[in-house]
Amino acid sequence: MNIEKISGWVLKGLMCLIILIFALFMLIGFDTPYEENPKMNAPLLTDAVIVLSLALIIGAIVVTVWSAIKQFKTGNTTSKDEGIAGKTGLLATLAFVASIVIGLIVGIANSGEHMLINGKDWNNPGEIILTDTSMISIAILTVLSVAAVVYSMVVKKK
6 MNIEKISGWV LKGLMCLIIL IFALFMLIGF DTPYEENPKM NAPLLTDAVI VLSLALIIGA
66 IVVTVWSAIK QFKTGNTTSK DEGIAGKTGL LATLAFVASI VIGLIVGIAN SGEHMLINGK
126 DWNNPGEIIL TDTSMISIAI LTVLSVAAVV YSMVVKKK
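Reading the sequence shown from the start, the letters are residues 6 to 163 in the numbering used here.
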């Protein structure tokens, strides 16, 4: 079995698992009231979504580090592609770093604000900075990913 078939099956399996977990999250106990404030919801399967997210993040980190080490060991650091295709690794790294820096700047700017979470006033600057950084980085990288997919669909391949 070649690597493309294996990666295809892994992708399909992960997509099925993600759809299943989110369907269960939305369908089972989503409207459960929060004990301390019944006006708010406390979905039953929140832990499952968090564990799935952490597992996917850890898996992505492991595969990324493994790929970088493998590429370094084999000495395959040059790309034969010209133009933007040959620089995707560099562009992705720069986009990631830029999104983290932008998120960090915005997070630091918002760190003095108070938040109302589950009916309680919450002001922990470190957690607000971390949350803002993560959310803004995710938004930026999502927009860039969609733009890259649209670009790859529109541009004619030689």
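All C-beta atoms in this analysis are idealised placements derived from N, C-alpha and C, irrespective of residue type, glycine included.
Can you check whether the CB of residue j is closer than 7 Å to the CB of residue i?
i    : j    : result
F35  : P48  : yes
N128 : H119 : yes
Y39  : M45  : yes
A100 : L149 : yes
Assuming residue i and residue j form a contact by the criterion Cβ under 8 Å, report the distance between their Cβ atoms to the nearest whole angstrom.
i    : j   : result
L50  : L29 : 6 Å
G108 : T69 : Incorrect: roughly 19 Å between the Cβ atoms, too far for contact.
With distances taken from CA atoms, which of the options is nearest residue i?
i    : options                : result
L135 : A152, I113, Y156, D126 : I113
A97  : G131, A152, K75        : A152
Q76  : S12, W14, N42, G94     : G94
V54  : N128, I24, I66         : I24
D52  : I133, N42, A65, I33    : I33
M140 : I110, K78, L16, D126   : I110
G64  : T79, L16, K10, V159    : L16
L19  : S58, N42, P43          : S58
Pairs of beta-carbons, one from the stretch 136 to 152 and one from the stretch 96 to 108, closer than 8 Å: are there three or more?
Touching, yes, given that three or more Cβ pairs across the two stretches are closer than 8 Å.
What are the start and end residues of each continuous beta strand (DSSP E) run of 3 or more residues lying completely inside the stretch 125 to 151, in chain order?
Taken in chain order, the whole beta strand (DSSP E) runs of length 3 or more contained in the stretch 125 to 151 are 125 to 127.
4 or more residues per run - each alpha helix (DSSP H) lying fully within the stretch 8 to 87
Counting whole runs of 4 or more residues, the stretch 8 to 87 contains the alpha helix (DSSP H) stretches 8 to 32, 51 to 79.
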